[in-house]
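Counted the way this note's numbering counts, the sequence shown spans residues 905 to 1586.
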Amino acid sequence: MKREFFSAPLDLKCVKVTDRFWGREQETVRTQVIPYQWEALNDRVEGAEPSYCMHNFRAAARLLEKKRALGSAFRAPTYTDRGFQQLPDDPAHPDPDRFYGFVFQDSDFSKWIESVAYSLAQHPDSALESAADGAIDVVCAAQHESGYLDTFYLLNGMDRAFTNLRDHHELYCFGHLAEAAVAYYQATGKDKLLRAACRFADCIGAHFGPEGGAKGYPGHEVAEMALVRLYEATGEAQYLRLSRFFLDQRGTQPHYFDQEARERAAYEGKPFRQDGDPQRYAYHQAHLPVREQSEAVGHAVRAGYLYAGMADVAKRTGDKALYAACRRLWDSVAGEKLYITGGVGGTVHGEAFSYPYDLPNDSAYSETCAAIALVFFARRMLEISPEARYADVMERALYNAVPAGMGLDGKSFFYVNPLEVVPDSCRRDQRLAHVEPVRQKWFGCACCPPNIARLVSSVASYAYTESGDTLWTHLYLGSSLTKQVGKRALRLEMETDMPWQGCARMSIRTDGPVDCTLAFRIPGWCRRAAITAPEGISRTDREGYCYLSGTWRDGDAVALDFDMEVRFVAANPRVREDVGKAAVVRGPITYCAEEADNGRDLHLCRLDPAGRGQVRVGMEDILGFPLAALRVPAWREVPSPPEDELYREYAPPALERMTLRLIPYFAWANRGEGEMRVWLRV
Ligand code: FUB
Ligand code: ZN
């Protein structure tokens, strides 16, 4: 790792997104998703599963209020295990003082407030800010005097807090709270939530790690990343130490999760039974110490968050072994376990990575959050070493698997993102029981919708990173930004129509000449790139970036032209599901065929490779969302008459000419229920 290449994302307040694609997505998040999710967190969305998220915070605040009022007469609840998801006996009359929902329900608030923070940084809105302040007041009122802030144990009984790190998500809820608190502080300058997050971090630190002494690590990662962020925001080195401690502990023997399970059994007076499943450690990425891991395994969201946290700590500490593990794990994901949509997690069993090249299309899990986690990991790898291959994957996830998780209306969501859907099979086939052919209004386990909202509203922090006098452009995003170089401020304007057109232009405004380097990613999907810089600027190419260095003057501009032809892409033949098929891509966009355009039985359609040069590209719209659709020459097998027997002598099928209309994968399932397919027969 060469420190001279280390970089950091820009402060979101220094970047104004003017992009047509992302601007529209951000506007949807601001005007639809954020208000809608607030209603959902307060159980006011008709026909949607209740969240109970804010209900729990209010209940915990009331309990603490009662404790203060009663003093020593107060009887705290003592913990009884009521399960991972707790629901009211009568859904019409939930008990106002009980905890409901999943153990990690608090995190939905945190992700919501985090997206509010990013949105406010782009688009100040006093009404939204005061609603957010009010929500923060509710949450902070639920904080225990020790700093502890997780409503699951606050309401069920604090006597057993931190006794089930494997399953009970306290450190996960802390992580999301801390991420949100830093974001809100940076966007608004208000530190109430940040102080609460620090108190919770201190409470955790007083228990675990170099300061607290107890061993352990999160059952669901995210605290690793969050502690680094808290460290950067506050300068408090103990947060970085605690993050590193969690990484160092993971996968060491004896396994902490077994130790705590043994202790729980002893406490409950039950015999301890070792779980016989050898995959149980891998699910939590605890099968090996992190520096020895090479293959991405286990729950895909957990894994992505872990790898991002490892990269964060490697960057701050210069830990070479940790960084080497990050690189190996990256290669495992990107080289063997990545869908062409940027989704990850091939199997529903454990919502996990499957074995290398096992990338089924119809039963794909590809959780929206897992694609988001991959974006986090990619950006952190770019911060350590700007290599275009990281940004290529990041861009693929950002334009495909991530936006597919949200309907174009901003009010319906996918948790699972398959690459092939036949709605009738989803209903009849047990193997596909996890696949929904239409987006849902909300989920009881609602990790994905607020995760999309926070990523979309902070997308600018994935487009650029900077270090000293260098600015890297990783994604082409219409935006204006300011970069400080010494005493001078460079004002840069990026104009582009990505992902629909391959050209971009960066223009420079400055009060005087500025010596610096502007580095531009040459996308992996582009076969011919033309980059034009002002005279006197030197060019070097390295790891897929074009570095333009020299003295920049007011009015200078860089023009970038990336060839964006339509391509038919084949998968490595080890991906059994995709043999004999191709996916159609253009620039960063992966396309799919839908029943709404092409009728049923998409498995009978075949791309015509000879017609590749005749594909027509045209801007169209779906629900008012402009997008480039494709008209692709193809064949359709003439279906056999219904009276045909099940088997017959082989004969080449009769084919008829057709034109397939393909739309971007992210836009599928916005026109009612129907078949969809990314990989098409050739
Ligand atoms: O466990 C918290 C979140 O819920 C996970 O990240 C998702 O996969 C879902 O299981
Ligand atoms: Zn999710």
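We put the beta carbon where it would ideally sit given N, CA and C, even for glycine.
*asked:* Please report the distance separating the alpha-carbon of A1487 from that of R1432.
replied: Taking the straight line joining both Cα atoms gives about 21 Å.
_Enclosing alpha helix (DSSP H) for D1102 [first to last residue]_ = The sequence shown places Cys at residue 1102, not Asp. Taken as a continuous stretch (DSSP letters only), the alpha helix (DSSP H) holding C1102 covers K1096 to H1111.
*With V1389 as the anchor, note down where its beta strand (DSSP E) starts and where it stops.*
S1383 to V1389
*List the whole-angstrom C-beta distance separating A1277 from G1250, where the pair is believed to meet the contact cut-off of C-beta under 8 Å.*
That pair is no contact at about 15 Å.
_For ligand 1, residues whose Cβ lies under 6 Å from any non-hydrogen atom_ = Result (chain order): F1008, H1124, V1205, E1255, E1271, C1273, C1349 and C1351.
*Verify whether the separation of the beta carbon atoms of S955 and A1350 is less than 8 Å.*
yes
*Among residues of its own chain, excluding the 5 on either side of L1312, which ones have a beta-carbon nearer than 7 Å to its beta-carbon?*
Once the five neighbours on either side are set aside, the close Cβ partners of L1312 are I1526, L1527, F1529, A1571 and N1574.
*asked:* Three Cβ pairs or more, each shorter than 8 Å: is that satisfied between the stretch 1023 to 1036 and the stretch 951 to 966?
replied: no
*How about N1321: is its Cβ closer than 7 Å to a heavy atom in ligand 2?*
no
_To test your reading of the DSSP string, which unbroken beta strand (DSSP E) runs of 3 or more residues are found completely within the stretch 1341 to 1429?_
1368 to 1371, 1374 to 1377, 1383 to 1389, 1392 to 1400, 1407 to 1413 and 1418 to 1425
*Simplified DSSP assignment, three categories, for Q990*: strand
*Go ahead and label R1478 buried or exposed: buried means 16 or more other beta carbons lie within 10 angstroms of its beta carbon, across all protein chains shown.*
exposed
*Are C1430 and F1472 touching if we call contact CB-CB under 8 Å?*
no
_So for T1494, helix, strand or coil by DSSP?_
strand
*Residue range of the unbroken alpha helix (DSSP H) whose run includes W1234*: Membership of W1234 in the alpha helix (DSSP H) is indicated by the continuous run K1224 to E1240.
*With respect to the beta strand (DSSP E) encompassing V1466, which residues constitute its N-terminal and C-terminal limits?*
According to the sequence shown, residue 1466 is Phe rather than Val. Note, F1466: beta strand (DSSP E), A1461 to F1466.
*Relative to ligand 2, is the shortest distance from any of its heavy atoms to the C-beta of N1060 smaller than 7 Å?*
Closer than 7 Å to some heavy atom of ligand 2: that does not describe the Cβ of N1060.
*Please go through the stretch 1009 to 1088 and give each complete beta strand (DSSP E) segment of 3 or more residues, from N-terminal end onward.*
none
*What is the DSSP secondary structure of G1208, counted as helix, strand or coil?*
Secondary structure at G1208: helix, using DSSP grouped into helix, strand and coil.
*Where do the ends of the beta strand (DSSP E) carrying V921 lie?*
Note, V921: beta strand (DSSP E), V919 to V921.
*Report the partner residues of P1477 according to the DSSP bridge assignment.*
None, per the DSSP bridge assignment.
*Report yes if the C-beta of N1355 is less than 7 Å from at least one heavy atom of ligand 2; otherwise report no.*
yes
_Taking 7 Å as the limit between beta carbons, can you name the residues of its chain near D1482, skipping five residues before and five after?_
Cβ neighbours of D1482 within its own chain (closer than 7 Å, five residues either side excluded): A1475 and W1583.
_Stretch pair the stretch 1162 to 1174 + the stretch 1129 to 1147: three plus CB contacts closer than 8 Å_ = By the Cβ test, the stretch 1162 to 1174 is not in contact with the stretch 1129 to 1147, since fewer than three Cβ pairs between them sit closer than 8 Å.
_Could you tell me the alpha carbon to alpha carbon distance between R1220 and V1418, rounded to whole angstroms?_
29 Å
*Between C1420 and N1355, which are expected to be in contact by the criterion C-beta below 8 Å, what is the C-beta distance as a whole number of angstroms?*
C1420 to N1355, Cβ: 35 Å. No contact.
*Buried versus exposed call for M1310 [16 or more other C-beta atoms within 10 Å across all chains shown]*: Residue burial is scored here from C-beta neighbours: M1310 has at least 16 other C-beta atoms within 10 angstroms and is therefore classed as buried.
*Are L1053 and F1006 touching if we call contact CB-CB under 8 Å?*
no
*If you follow the beta strand (DSSP E) that D1296 is part of, which residue opens it and which one closes it?*
Counting along the chain, D1296 falls outside any beta strand (DSSP E), though it belongs to the alpha helix (DSSP H) covering A1292 to R1300.
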